[in-house]
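Here the structure is laid out as structure tokens; the discussion comes afterwards.
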Amino acid sequence: MESLCSSSLQAPFFSSQSTVLSKKSVSNPRTISPLMHRAKSRFELLRCTTSHSSETEAKPKETKLWGGRFEDSVTDIVEKFTESISFDKQLYKHDIMGSKAHASMLAEQGLISFSDRDSILKGLDEIERRIEAGEFVWRTDREDVHMNIEAALTDLVGEPAKKLHTARSRNDQVLTDFRLWCRDAIDRIISSIRHLQVALVKLALNNEGLIIPGYTHLQRAQPVLLQHLLLAYVEQLDRDAGRLLDCRARLNFCPLGACALAGTGLPIDRFMTSEALGFTAPMSNSIDAVSDRDFVLEFLSANSIIAVHLSRIGEEWVLWASEEFGFITPSDSVSTGSSIMPQKKNPDPMELVRGKSARVIGDLVTLLTLCKGLPLAYNRDLQEDKEPTFDSVKTITGMLEVSAEFAQNITFNDKRIQKALPAGYLDATTLADYLVKKARYFGIPFRTSHDIVGRSVALCVSKNCQLQDLSLEDMRNLSPVFDNDVYEFLGVENAVKKFSSYGSTGFACVADQLDDWAAKLEINKSTCH
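Going by my numbering, the letters in the sequence shown line up with residues 2 to 530, in that order.
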């Protein structure tokens, strides 16, 4: 019967699969007997289940740390719905940091004894050890990371632990933890950005002089150096890192001591705790301190922009790996196959980078929507700020890491690229520049030059040839300005040589850019090949 009671009722007492009692079956004892036995068993199961449920409900629950004014404990459904320990336990290290700084300040201010402080610090060290050793038991009935650690501390050291929450609310406590966590997360993401930048610069250094088609509107536009394009990604990532640094500077103010929303009348020293935790200063308005989520919105916004940049890289490389382009070949170590098509070799990591950008953007939208209608100060809605933030950080870190891995495992197909270069009249704009230079002597406006080159391209289309294949006579029929030196401007390599403006794709300009980035990222160019 014990095993029977431990089962759950899976079907109604008389299920649709029960045998229907016909006159024939009623008159047959062998038919009635199994039915009666089944009915009896189900009644016993129902009785045991009800009895077991009553015993469970009768078991007293641990009194909440905030439970003084309550006569009844919350129901299991409410407890399950409102808990956050399932996800906010990853704030444990920062919660312990904040509690240590707070306890030390309380002792210095004479609000607790130094002996109590020492007991608290020793207990917090032991709790941190247990957590990191996997020995700590996280309890849902203790709601969140703060209550779990405080209750465990009380179990360990007794009365001194009950003094730790002096002049502190969970409102300012969680914001302190969260700011510390975001600060560390920003540092990790910036490190991952730098790693990807290094991979891209090394990839550029290893492909010196390789010219590729540059695109606008996904149509061929002008010839550019591959190195120049790769450095464009590096520039984007550098702005991403800058946004994160700006965000870090703005979030680095301490809410601890703001308490629930109004501060406290106890003689605390908020500057002491702020300094101990590495913050710039305490937040100057206690209401703002416990209600602000600007720092999270800014953080997730910066992550979203990073995700968009990485998605653009992903899209470009997925296209370039296709047979239609064939510009790059990813190694087997960063490719996957098909379950049905044996020939397939897919650049899946970069497809997922493109796809996961949606998650990161979605996390930002979740937070914006969460905050848009909240009155001051703290509201329980704000418990929902953690999971999107954790997800955003985890996702963007993975996207950066796999993008760097992919960059280190691709080969550019020089011959395929060179074969593709002649199409698209990539040197047409350089030819227009040639006419502009001649205009100093012949007075040709740029728009006139543009028209002459447009008619030159049309002539090439009719002849099925490139601009450099036109004879000087053909060109002079379009404009007498053309001379023998025009051929120094035609062809993709000549065109690239003619670029000279700061930041352009000219050989000398790009070499300077590469030198700058190698110096900034501390890359030894001699190790690249």
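Ideal Cβ placement from N, Cα and C applies to all residues, glycine included.
Remember, predicted model here, so these are calculated numbers, not experimental data.
- For C260 against S287, the beta-carbon gap comes to about 7 Å, under 8 Å, which counts as contact.
- DSSP places T390 in the uninterrupted alpha helix (DSSP H) bounded by 387–408.
- Under the 8 Å Cβ criterion, the region 173–189 counts as touching the region 237–255, having at least three qualifying pairs.
- Per the Cβ contact rule, the region 316–332 is not in contact with the region 379–389 (fewer than 3 Cβ pairs under 8 Å).
- In the structure shown, C255 adopts extended strand secondary structure according to DSSP, grouped into three states.
- The beta carbons of V158 and I113 sit no closer together than 8 Å.
- In this model, V454 and A433 are separated by some 6 Å (Cα to Cα).
- Following the DSSP letters along the chain, one finds T412 inside the beta strand (DSSP E) bounded by residues 411–413.
- T265 places its beta carbon less than 8 Å from that of A168.
- At least 8 Å separates the beta-carbon of L422 from that of A496.
- Beta-carbon to beta-carbon, L522 and V199 are separated by about 5 Å, close enough to satisfy the 8 Å threshold.
- Secondary structure in the region 345–387: no beta strand (DSSP E) run of 3 residues or longer lies completely within the stretch.
- Taking a C-beta distance under 8 Å as the contact criterion, L298 and L369 qualify as a contact pair.
- The alpha-carbon of K526 is positioned some 21 Å away from that of S404.
- With 16 or more other Cβ atoms from the protein chains shown falling within 10 Å of its own Cβ, L515 counts as buried.
- Inside the region 163–188, DSSP marks no whole alpha helix (DSSP H) run of 4 or more residues.
- Residue pairing by DSSP leaves P343 without any beta bridge partner.
- Fully enclosed beta strand (DSSP E) runs of no fewer than 3 residues occupy 212–217, 220–226 of the region 193–254, in order along the chain.
- If only complete runs of 3 or more residues are kept, the region 129–165 shows no beta strand (DSSP E) anywhere.
- Of the residues L311, S472, F500, the one whose Cα lies closest to the Cα of Y488 is S472.
- Counting along the chain, I445 sits inside no beta strand (DSSP E), nor does DSSP assign it H or E at all.
- The count of Cβ pairs closer than 8 Å, one atom from the region 267–282 and one from the region 103–112, reaches three, so the stretches are in contact.
- Burial is judged here by how many other beta carbons sit within 10 angstroms of a residue's own beta carbon; T396 has at least 16 and is buried.
- CA-CA distance, L211 to D415, rounds to 7 Å.
- For I329, the enclosing beta strand (DSSP E) stretches over residues 329–331.
- Pairing Q228 with V511, the inter-Cα distance amounts to about 7 Å.
- Beta-bridge analysis with DSSP links P283 to C255.
- Residues of the same chain with a CB within less than 6 Å of the CB of S450, apart from the 5 flanking positions on each side, are A433, L436, V437 in chain order.
- With respect to the 8 Å criterion, C248 and F280 are not classified as neighbours on the basis of their beta carbons.
- According to DSSP, T337 shares a beta bridge with N347.
- If you check the CB distance, I213 and V225 come in under 8 Å.
- Taking the C-beta atoms as reference points, P161 is found nearer than 8 Å to D117.
- Here D119 carries a helix assignment [DSSP, helix/strand/coil].
- Counting along the chain, the unbroken alpha helix (DSSP H) around E494 starts and ends at 493–499.
- Listed in chain order, the alpha helix (DSSP H) elements of length 4 or more contained wholly in the region 86–112 are 86–89, 93–109.
- Residue burial annotation: H147 is buried, with at least 16 other C-beta atoms found within 10 angstroms of its C-beta.
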